[in-house]
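A.B. asks:
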Amino acid sequence: MTMLALLLLLAAPIESQLHVRAPMRDGVRLCANVFLPAAKGRFPALLVRTPYGKGAQIAPNYRAFVERGYALVVQDVRGRFDSKGVFDPLNQETPDGEDTLKWIVAQPWSNGSVGMLGGSYLGIVQWRLALTSHPALKAIFPTVSGDDDYFDRFYSRGGALKLGHRLSWLADNWRAPDYIKPEFSRFVLHLPLRTADRAAAGQRIDMYQQALDHPAYDAFWKSLSVRERLAQIRVPVYAAGGWFDNFGQGDLEAFAELRKLGRPARLIVGPWPHNMSIPFPGADYGRESSVPLRTLQLEWFDYWLKPGPEKKLPAGGPLRIFVMGANHWRDEREWPLRRTRWTPMYLSSRGNANTLGGDGVLTNRPGRREPPDRYAYDPRNPAPTQGGAVCCNPKTFPWGPMDQRPVERRRDVLVYDSRPLKEDLEVTGPVKVILHVSTSAPDTDFTAKLVDVFPDGLARNLTDGILRLRYRQSLERPVLSRPNEIYSVTIDAGVTSNVFKAGHRLRLEISSSNFPRFDRNPNTGRAVADDSELRNALQAVHHDRAHPSHILLPVIPPAMRK
1 MTMLALLLLL AAPIESQLHV RAPMRDGVRL CANVFLPAAK GRFPALLVRT PYGKGAQIAP
61 NYRAFVERGY ALVVQDVRGR FDSKGVFDPL NQETPDGEDT LKWIVAQPWS NGSVGMLGGS
121 YLGIVQWRLA LTSHPALKAI FPTVSGDDDY FDRFYSRGGA LKLGHRLSWL ADNWRAPDYI
181 KPEFSRFVLH LPLRTADRAA AGQRIDMYQQ ALDHPAYDAF WKSLSVRERL AQIRVPVYAA
241 GGWFDNFGQG DLEAFAELRK LGRPARLIVG PWPHNMSIPF PGADYGRESS VPLRTLQLEW
301 FDYWLKPGPE KKLPAGGPLR IFVMGANHWR DEREWPLRRT RWTPMYLSSR GNANTLGGDG
361 VLTNRPGRRE PPDRYAYDPR NPAPTQGGAV CCNPKTFPWG PMDQRPVERR RDVLVYDSRP
421 LKEDLEVTGP VKVILHVSTS APDTDFTAKL VDVFPDGLAR NLTDGILRLR YRQSLERPVL
481 SRPNEIYSVT IDAGVTSNVF KAGHRLRLEI SSSNFPRFDR NPNTGRAVAD DSELRNALQA
541 VHHDRAHPSH ILLPVIPPAM RK
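Position 484 of the sequence shown, counted from 1, bears residue number 484 in my numbering, the numbering being contiguous throughout.
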């Protein structure tokens, strides 16, 4: 007998009701497993709604909730595993969640109070049910989930498709029967993107097609967005996210908005990828980087779902962040931090910032009469993704902090370095990169990446972003560019919290691709989803007195750190 089996045998008994069917408003029945404390009575319930299979017995990581006196309901969402209906992620989860909630409240073992937990898709469904303001929903605890389908799941904040993420998820979860999954590297290269769902999953997928039909942030996406309707959410939220998770920026932005609205919201952000339990090869943030997440969840649900004078919220402030480099936790009250000093560092070179061996530098003052840096972007040979906040299978699509030097040796990557730091420098917050650029193409992309360079040369990525030039004015109204005209653009390069230690250097990478984290721009100006033609684009980054290209860093002064 294994140690796990022995522990389960010795644990408190649990009553299991397997494959219980709950009716939805349209007559479809969704299948759930219900686990109850052995003692008779009415209990607060915790609901987990999943597209990944509810299993045939209670998972070990859920057992603590039942032993704490909660009823646990684990349900297959519509159209998945044992639940009937057609899987329609963009539209089904709010009504199905509400109908499931009503079903739970009507059960003889329910005391009428319900909480929700789970990560990724299991967190998305929590946000959607929270929009209903159902009185039975007392608290939620979404992890690594974000709150907006456009910005978190399909497109970047610069309008490029999150290609690797989307196609790998389709290949893993929407594959046609008997279709043999091809290698990741094959289906991400497939053109046109319009038929890449067939390459990845062996069938046409309506959700993917709808996303390609709406590359701009239009009324279609706004009607689906939780972010657009956060004011409707009054249920207490405790979220968890990671600096290297695809959804981390969305988690922080949702927290910030809920706090502005005066809602009971908390967030913890650590040095984690999408799976918080998987360590990074070659990057160790110390023992303190892990947290007892289950304990936090129990304390959160005990406070909101159980009566009693002794109940108390989990310790700490509303925002708890892990500061990388310093490798410690710190409590904050808002995002971005009020004491931030927005500090520009300007791009400078003699026109040869290409590659790791170029002459690009970051300085405190803009240059005067400097030539632009130029490179050719060939979408047939894009700069490869090397870690970062990608999702969701590190075996095929590695994530997290990785050495960027193999990418930085490319001629189509501009590299700008600061001098070695004389003292520690903390950067905590959203990172923006303001560039003055021109291109030979009617549309193209520009990418940015912030890197921490160690004294031995190791170049560890922190955060990155991309801007599709047609969205330089707004994501709602694309406008093509005029060849060789100079435009001022802002790249949202994501969020981080990192102390650049004394002796380290800050590095900024500029290029036009980060593939397959983002799809390739074919440089034609046509609809990207339906284009199979790939053209070269000649790019220029200007950084003279009239065009002060720079990275804007959220610096936390030493005297003001907690």
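We put the beta carbon where it would ideally sit given N, CA and C, even for glycine. A quick note: this is a predicted structure, and the numbers were derived from the prediction, not measured.
Can you give me the start and stop residues for the beta strand (DSSP E) that Arg341 sits inside?
C.D. replies: One-based indexing of the sequence shown puts residue 341 at position 341. Where Arg341 is concerned, the enclosing beta strand (DSSP E) stretches over Arg341 to Ser348.
A.B. asks: Excluding sequence positions up to five away, which residues of its chain have a Cβ less than 7 angstroms from the Cβ of Met1?
C.D. replies: Taking the sequence shown and counting its residues from 1, one reaches residue 1 at position 1. The predicted position of Met1 is uncertain, since its pLDDT is 43 and thus under 50; no value can be drawn from it.
A.B. asks: Can you tell which of Asn536, Val144, Val415 and Gly27 has the C-alpha that lies nearest to the C-alpha of Val269?
C.D. replies: As a working note, residue 269 is residue 269 in the sequence shown. Among Asn536, Val144, Val415 and Gly27, the Cα nearest to that of Val269 belongs to Val144.
A.B. asks: Could you check which residue in Ile556, Val489 and Ala56 has the C-alpha nearest to that of Pro336?
C.D. replies: Position 336 of the sequence shown holds residue 336. Ranking the options by Cα distance to Pro336, first place goes to Ile556.
A.B. asks: Taking the DSSP output, what are the residues bridged to Ile268?
C.D. replies: In the sequence shown, counting from the first residue as 1, residue 268 sits at position 268. Answer is Ala240 and Arg320.
A.B. asks: Do the CB positions of Ala200 and Phe187 come within less than 7 angstroms of each other?
C.D. replies: Here residue 200 is taken as the residue at index 200 of the sequence shown, counted from 1. Here residue 187 is taken as the residue at index 187 of the sequence shown, counted from 1. For Ala200 and Phe187, yes; Cβs fall inside 7 angstroms.
A.B. asks: Output needed for Arg294: all residues of its chain with C-beta closer than 8 angstroms, excluding positions within five of it in sequence on either side, in chain order.
C.D. replies: As a working mapping, residue 294 is identified with position 294 in the sequence shown. Cβ within range, chain order: Asn61 and Ala64.
A.B. asks: For the putative contact between His436 and His274, defined by C-beta atoms under 8 angstroms, what is the C-beta separation to the nearest angstrom?
C.D. replies: Working through the sequence shown from its first residue, we reach residue 436 at position 436. Working through the sequence shown from its first residue, we reach residue 274 at position 274. Not really, about 35 angstroms apart at Cβ, beyond 8 angstroms.
A.B. asks: Whole angstroms are fine: how far does the CA of Lys162 sit from the CA of Ala265?
C.D. replies: Residue numbering aside, residue 265 sits at position 265 when the sequence shown is read from its first letter. Residue numbering aside, residue 162 sits at position 162 when the sequence shown is read from its first letter. Going by the C-alpha atoms only, they are around 28 angstroms apart.
A.B. asks: Less than 6 angstroms between C-beta atoms, sequence neighbours within five positions excluded: which residues of the same chain meet that for Arg505?
C.D. replies: Counting from 1 along the sequence shown, the entry for residue 505 is found at position 505. Around Arg505: Asp417, Ser418, Pro420 and Val453.
A.B. asks: Using only the alpha-carbon positions, how far apart do Asp359 and Gln386 sit?
C.D. replies: Here residue 359 corresponds to residue number 359 of the sequence shown, with the count starting at 1. Here residue 386 corresponds to residue number 386 of the sequence shown, with the count starting at 1. Using only the alpha carbons, I get a separation of about 23 angstroms.
A.B. asks: Excluding five sequence neighbours on each side, which residues of the same chain lie with their C-beta closer than 7 angstroms to the C-beta of Ala5?
C.D. replies: Locating residue 5 in the sequence shown gives position 5, where the first residue counts as 1. Bear in mind that the predicted position of Ala5 carries a pLDDT of just 46, short of 50, making it too unreliable to give a figure here.
A.B. asks: On the criterion of 16 or more Cβ atoms from any shown chain inside 10 Å, does Val479 qualify as buried, or is it exposed?
C.D. replies: Here residue 479 refers to the residue found at position 479 when the sequence shown is read from its first residue. By the 10 Å Cβ count, Val479 comes out exposed.
A.B. asks: Quick one: grab the DSSP three-state call for Arg49.
C.D. replies: Taking the sequence shown and counting its residues from 1, the one referred to as residue 49 is at position 49. If DSSP states are grouped into helix, strand and coil, Arg49 belongs with the strands.
A.B. asks: Would you list the one or two residues that DSSP bridges to Glu332?
C.D. replies: Taking the sequence shown and counting its residues from 1, one reaches residue 332 at position 332. Glu332 pairs with Leu319.
A.B. asks: For Ser440 and Arg526, I'd like the C-alpha separation in whole angstroms.
C.D. replies: Counting from 1 along the sequence shown, the entry for residue 440 is found at position 440. Counting from 1 along the sequence shown, the entry for residue 526 is found at position 526. Distance between the alpha carbons of Ser440 and Arg526 is about 15 angstroms.
A.B. asks: I need the boundaries of the alpha helix (DSSP H) containing Ile124, first residue and last residue.
C.D. replies: Position 124 of the sequence shown, counting from 1, holds the residue named residue 124. Here the alpha helix (DSSP H) through Ile124 covers Tyr121 to Ala130.
A.B. asks: Thr463 lies in the beta strand (DSSP E); which residues open and close that run?
C.D. replies: To locate residue 463, count along the sequence shown from 1; it is residue 463. Here the beta strand (DSSP E) through Thr463 covers Ala459 to Arg468.
A.B. asks: Comparing alpha-carbon positions, which option in Tyr377, Ala32, Pro442 and Ser133 lies nearest Val73?
C.D. replies: Position 73 of the sequence shown, counted from the first residue, corresponds to residue 73. Per the Cα distances, Ala32.
A.B. asks: If I measure Cβ to Cβ from Trp174 and keep anything under 6 angstroms in the same chain, skipping five residues before and after, which residues do I get?
C.D. replies: In the sequence shown, counting from the first residue as 1, residue 174 sits at position 174. Here the set comprises Ala201 and Ile205.
A.B. asks: By the DSSP assignment, the beta strand (DSSP E) with His542 in it spans what residues?
C.D. replies: Indexing the sequence shown from 1 puts residue 542 at position 542. Where His542 is concerned, the enclosing beta strand (DSSP E) stretches over Ala537 to His542.
A.B. asks: Between which residues of its own chain and Phe518 is the CB-CB distance below 7 angstroms, once the five residues before and five after are set aside?
C.D. replies: Translated into the one-based positions of the sequence shown, residue 518 becomes position 518. Answer for Phe518: Ser156, Ala160, Leu161, Lys162, Leu163 and Ile466, listed in chain order.
A.B. asks: Please go through the same chain and pick out, in chain order, the residues whose beta-carbon is closer than 7 angstroms to the beta-carbon of Leu7, but skip the five residues on each side of it.
C.D. replies: By 1-based counting over the sequence shown, the position of residue 7 is 7. Caution is warranted here: a pLDDT of 49 is assigned to Leu7, below 50, making its placement in the model unreliable, and no coordinate value can be reported.
A.B. asks: Excluding sequence positions up to five away, which residues of its chain have a Cβ less than 7 angstroms from the Cβ of Ile104?
C.D. replies: Here residue 104 is taken as the residue at index 104 of the sequence shown, counted from 1. Within the same chain, Ile104 has close Cβ partners Ala45, Leu47, Val73, Ser110 and Val114.
A.B. asks: Once DSSP output is grouped into helix, strand and coil, what is the label at Met1?
C.D. replies: Residue mapping note: residue 1 aligns to position 1 of the sequence shown, counting from 1. Residue placement at Met1 is flagged as unreliable, the pLDDT there being 43, under the threshold of 50; a coordinate-derived value is accordingly withheld.
A.B. asks: Between the alpha carbons of Glu228 and Ser133, how many angstroms are there, rounded?
C.D. replies: To locate residue 228, count along the sequence shown from 1; it is residue 228. To locate residue 133, count along the sequence shown from 1; it is residue 133. Distance between the alpha carbons of Glu228 and Ser133 is about 16 angstroms.
A.B. asks: Is Pro554 helix, strand or coil by DSSP?
C.D. replies: Within the sequence shown, numbered from 1, the residue matching residue 554 stands at position 554. DSSP places Pro554 in strand when its eight states are reduced to three.
A.B. asks: Under a three-way DSSP split, which group does Pro60 fall into?
C.D. replies: As a first step, residue 60 must be located in the sequence shown, where it is residue number 60. In this structure, Pro60 counts as helix in the three-state DSSP scheme.
A.B. asks: When the Cα of Trp127 is compared with those of Ala459, Ala239 and Arg409, which residue comes out closest?
C.D. replies: As a position in the sequence shown, residue 127 is number 127, starting the count at 1. Cα-wise, what sits closest to Trp127 is Ala239.
A.B. asks: Sorted by chain position, which residues of the same chain lie with C-beta nearer than 7 angstroms to Arg472's C-beta, five sequence neighbours on each side aside?
C.D. replies: Residue numbering aside, residue 472 sits at position 472 when the sequence shown is read from its first letter. So the qualifying residues of the chain are Tyr487 and Val489.
A.B. asks: By the DSSP assignment, the alpha helix (DSSP H) with Gln17 in it spans what residues?
C.D. replies: Within the sequence shown, residue 17 is the residue found at index 17, counting from 1. No alpha helix (DSSP H) holds Gln17; the beta strand (DSSP E) holding it covers Ile14 to Pro23.
A.B. asks: Could you please give me the residues that DSSP links to Asn498 through a beta bridge?
C.D. replies: Reading the sequence shown from its first residue, position 498 is the one you call residue 498. Paired residues: Met324 and Val427.
A.B. asks: In the DSSP assignment, the alpha helix (DSSP H) including Lys138 goes from what residue to what residue?
C.D. replies: Within the sequence shown, residue 138 is the residue found at index 138, counting from 1. It is not in any alpha helix (DSSP H) - Lys138 instead sits in the beta strand (DSSP E) that spans Leu137 to Thr143.
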